[in-house]
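Below is one structure, written out as structure tokens, with a few remarks after it.
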Amino acid sequence: MAKVFVRHGSFTFGGGAVIMLALHREALERRGWIDEDDFGLCFALARLTPGTTVLAFCAGIGLRMRGLSGAMVALLASSLPCAVMVIAATALFAFWQDNHWVQAAIHGAIAAAVALTVWGVWSIASPYLKGPTLYRALLIAATAFLLFQVVGLSPIQVILTAAVGGALFPPKATPTADGVA
Amino acid sequence: MGLWELYVVLLESTATSFGGLASLPLLHDALVTNAHVLSDQQLNEAIVINRSTPGPVGFYVVSIGYFVAGLPGALVGWLAIVTPALAIIPAAHFAGRWIDHPRVKSTLQAVVIASAGLLAATSIPLGRSALTDAVAIVIAVVALAVLLFTRVGSLWIIAAAAVASTAASAAGLISVI
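Take a look at the structure:
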């Protein structure tokens, strides 16, 4: 079990969705450790859980399989190896920093990092920027931007404001997807 | 900055974000703007490292821990990523009762969208730090276009950007110190 989480949690490029798809194939389709309901529940809960979605997802799958100890094994297996790799890469980074060619390469790489950050904005917001949630999403995003950038609230104050606003003003019920709960 | 203090700052950012780079605005505010223990350059480097190694996106927090406090800092960073994931354990027990509640959904949705707005604001200082010449600006614009319109992996984009700026430096187009 730890092996599966190490392999798919830590050695998959491409971020959360790819990792969860890989685990779907391995733990559900190939090994039958969990069923579709477990997967769906963990998928939904992991996105409600703060922090990195994939880690909560792995902990949830571990929990459904083997209780608390399963959750711990899954969480460790999916997070320790990539943490170690990140540490090694960071140490190398710090070590090579004074080399002229490395400097030149880093210069370009961090320019790409800015693109990744801007793209991060898009990938977080784009699921909401369509259909009935479009204007609501634009309003919330713009308000958050202005509260931080112009009003000078701290990020945590902005997040809390958004949470309160979201709780007080749920969107008008849309007759799609969810239907009758 | 002590390790415990670092843990609290990192945890604050991971526990109030819902994946990806959403934790970045808080980290930037606390460590770069207020405590001055991290630079914009290092934050950009942490993102590069994260996207050049396998695993989920949130792991740039480990690099940040390393930059601030060495190896112990990196461990603190790892702890700060893992801690919020434990919340799924109690959540799994109460699941079903409130998961479809419209107010719960609406709250989370608002938080996620607000974090996108915050991230947009945070990309301004990061961009100012990284995009210091025409070559870097071109690289960033091309990289963003590739990210938006193709499915090329971010590792390849970072590698291509590194090669491009090394070539530009060899050709004498830019001078990095």
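Chains as they are written, first to last, in the numbering used here: chain A, -3 to 177; chain B, 2 to 178. We put the CB at the ideal spot given by N, CA and C, even for glycine. This one's a predicted model, so the numbers in the text were calculated from it and none came from an experiment.
As assigned by DSSP and simplified to three states, the class of Asp33(A): For the purposes of this step, residue 33(A) is taken as the residue at position 37 of the first sequence. Helix, per DSSP.
Among Ala162(B), Gly71(B), Leu145(B) and Lys106(B), nearest to Ile102(A) - alpha-carbon criterion: Here residue 102(A) refers to the residue found at position 106 when the first sequence is read from its first residue. For Ile102(A), the nearest C-alpha among the options comes from Ala162(B).
Cβ of Tyr8(B) within 8 Å of any chain A Cβ: For the purposes of this step, residue 8(B) is taken as the residue at position 7 of the second sequence. Not closer than 8 Å to any Cβ of chain A, the Cβ of Tyr8(B) fails to qualify, so no.
Cutoff 8 Å: Gly175(A) Cβ touching any chain B Cβ: If you number the first sequence from 1, residue 175(A) lands on position 179. Since pLDDT at Gly175(A) reaches only 34, below the 50 mark, its modelled position is unreliable, and the value read off the structure follows with that caveat. Interface annotation, Gly175(A): not in contact with chain B, CB-CB separation never under 8 Å.
Close-in-space but distant-in-sequence residues of the same chain around Gly59(B) (CB under 6 Å, 5 per side omitted): By one-based count along the second sequence, residue 59(B) stands at place 58. Excluding positions up to five away in sequence, the list reads Ile82.
Given Ile106(A) as reference, the closest of Thr133(B), Gly74(B) and Leu32(B) once Cα atoms are compared: Working through the first sequence from its first residue, we reach residue 106(A) at position 110. Per the Cα distances, Thr133(B).
Short CB-CB distance (under 8 Å) between Met81(A) and chain B: Within the first sequence, the letter at position 85 stands for residue 81(A). With 8 Å as the cut-off, Met81(A) counts as an interface residue toward chain B.
Where Arg27(A) falls: helix, strand or coil (DSSP): Locating residue 27(A) in the first sequence gives position 31, counting from the first residue. Three-state result, Arg27(A): coil.
Pick from Val69(A), Thr129(A), Gly47(A) and Arg27(A) that is closest to Ala111(B), judged by C-alpha positions: Locating residue 111(B) in the second sequence gives position 110, where the first residue counts as 1. Among Val69(A), Thr129(A), Gly47(A) and Arg27(A), the Cα nearest to that of Ala111(B) belongs to Thr129(A).
Bounding residues of the alpha helix (DSSP H) (the contiguous stretch that carries Leu178(A)): The structure shown does not extend to residue 178(A), since chain A is modelled only from -3 through 177, so no value can be given for it.
Contact between the stretch 133 to 146 of chain A and the stretch 111 to 124 of chain B (3+ Cβ pairs under 8 Å): yes
Beta-carbon proximity of Ser18(B) to Ser116(B), cut-off 8 Å: On the second sequence, position 17 is the one that residue 18(B) refers to. On the second sequence, position 115 is the one that residue 116(B) refers to. In this structure, Ser116(B) lies closer than 8 Å to Ser18(B) by Cβ.
Chain A contact for Phe150(B) (CB, 8 Å cutoff): Within the second sequence, numbered from 1, the residue matching residue 150(B) stands at position 149. Not closer than 8 Å to any Cβ of chain A, the Cβ of Phe150(B) fails to qualify, so no.
Residues near Pro67(A) in its chain [Cβ-Cβ closer than 7 Å; skip 5 each side]: Locating residue 67(A) in the first sequence gives position 71, where the first residue counts as 1. Note on residue identity: the sequence assigns Ala, not Pro, to residue 67(A). Taken in chain order, the residues that qualify are Ala55, Gly58 and Leu59.
Cutoff 8 Å: Ala135(B) Cβ touching any chain A Cβ: Locating residue 135(B) in the second sequence gives position 134, where the first residue counts as 1. Judged by the 8 Å Cβ criterion, Ala135(B) is not in contact with chain A.
Cβ-Cβ distance between Gly66(B) and Gly74(B) below 8 Å: As a working mapping, residue 66(B) is identified with position 65 in the second sequence. As a working mapping, residue 74(B) is identified with position 73 in the second sequence. With respect to Gly74(B), Gly66(B) sits close: the two C-beta atoms are nearer than 8 Å.
Below-8 Å beta-carbon distance, Ala138(A) vs any chain B residue: The sequence position of residue 138(A) within the first sequence is 142, counting from 1. It does; some Cβ of chain B falls within 8 Å.
Completely contained alpha helix (DSSP H) runs for the stretch 90 to 143 of chain A, where each covers 4 or more residues: 96 to 121 and 130 to 142
DSSP three-state assignment for Pro126(B), whether helix, strand or coil: As a first step, residue 126(B) must be located in the second sequence, where it is residue number 125. In the structure shown, Pro126(B) sits in a helix (DSSP, three-state: H, G or I).
Chain B contact for Pro167(A) (CB, 8 Å cutoff): For the purposes of this step, residue 167(A) is taken as residue 171 along the first sequence, with counting starting at 1. Closer than 8 Å to some Cβ of chain B, the Cβ of Pro167(A) qualifies, so yes.
Nonlocal neighbours in the same chain, by C-beta distance under 8 Å from Pro171(A), ignoring five residues either side: Indexing the first sequence from 1 puts residue 171(A) at position 175. Bear in mind that a pLDDT of 42 at Pro171(A), under 50, signals an unreliable position, so the model cannot answer this.
At least 3 beta-carbon pairs within less than 8 Å: the stretch 19 to 30 of chain B vs the stretch 133 to 150 of chain B: Under the 8 Å Cβ criterion, the stretch 19 to 30 of chain B does not count as touching the stretch 133 to 150 of chain B, having fewer than three qualifying pairs.
Touching by the beta-carbon criterion (3+ pairs, under 8 Å), the stretch 34 to 48 of chain B and the stretch 136 to 145 of chain B: No, because fewer than three Cβ pairs between the stretch 34 to 48 of chain B and the stretch 136 to 145 of chain B fall closer than 8 Å, the two stretches do not touch.
Pairwise C-alpha distance: Trp92(A) and Leu156(B): Numbered from its first residue, the second sequence carries residue 156(B) at position 155. Numbered from its first residue, the first sequence carries residue 92(A) at position 96. Approximately 19 Å, taken between the alpha carbons.
Neighbour list for Ser107(B) in chain A, Cβ cutoff strictly below 8 Å: Here residue 107(B) refers to the residue found at position 106 when the second sequence is read from its first residue. Ser107(B) reaches chain A at Gly162, Ala163, Phe165, Pro166 and Pro167, counting residues in chain order whose Cβ is nearer than 8 Å.
Terminal residues of the alpha helix (DSSP H) in which Ile50(B) lies: What you label residue 50(B) is simply residue 49 of the second sequence in a count that begins at 1. Asp41 to Ser53 is the extent of the alpha helix (DSSP H) around Ile50(B).
Own chain residues within Cβ distance below 7 Å of Leu127(B), not counting five before or after: Counting from 1 along the second sequence, the entry for residue 127(B) is found at position 126. Non-local beta-carbon contacts of Leu127(B) in its own chain, meaning distances under 7 Å to residues more than five positions away in sequence, involve Asp41, Leu44 and Asn45 in chain order.
Contacting residues, own chain, Cβ-Cβ under 8 Å from Trp5(B) (five flanking each side not counted): Stepping through the second sequence from its first residue, residue 5(B) is reached at position 4. Closer than 8 Å at the Cβ level, and outside the excluded window around Trp5(B), lies no residue.
Own chain, CB closer than 6 Å to Ile61(A), minus 5 neighbours either side, in chain order: Taking the first residue of the first sequence as position 1, residue 61(A) is located at position 65. The sequence shown places Met at residue 61(A), not Ile. Excluding residues within five positions, the ones whose Cβ falls inside 6 Å are Trp29.
Ala70(B) to Pro103(B) span [Cα, whole Å]: Translated into positions along the second sequence, residue 70(B) becomes position 69. Translated into positions along the second sequence, residue 103(B) becomes position 102. Whole-angstrom Cα-Cα distance: 42 Å.
Ala138(A) versus Val117(A) - alpha carbon distance: Position 142 of the first sequence holds residue 138(A). Position 121 of the first sequence holds residue 117(A). Cα to Cα, the separation comes out at about 12 Å.
Buried or exposed by the 16-neighbour rule on C-beta atoms within 10 Å, applied to Pro46(A): The residue given as residue 46(A) occupies position 50 in the first sequence. Per the 10 Å Cβ criterion, buried.
Local Cβ density within 10 Å of Thr48(A), reported as buried at 16 or more and exposed below that: Here residue 48(A) refers to the residue found at position 52 of the first sequence. Flag for Thr48(A) reads buried.
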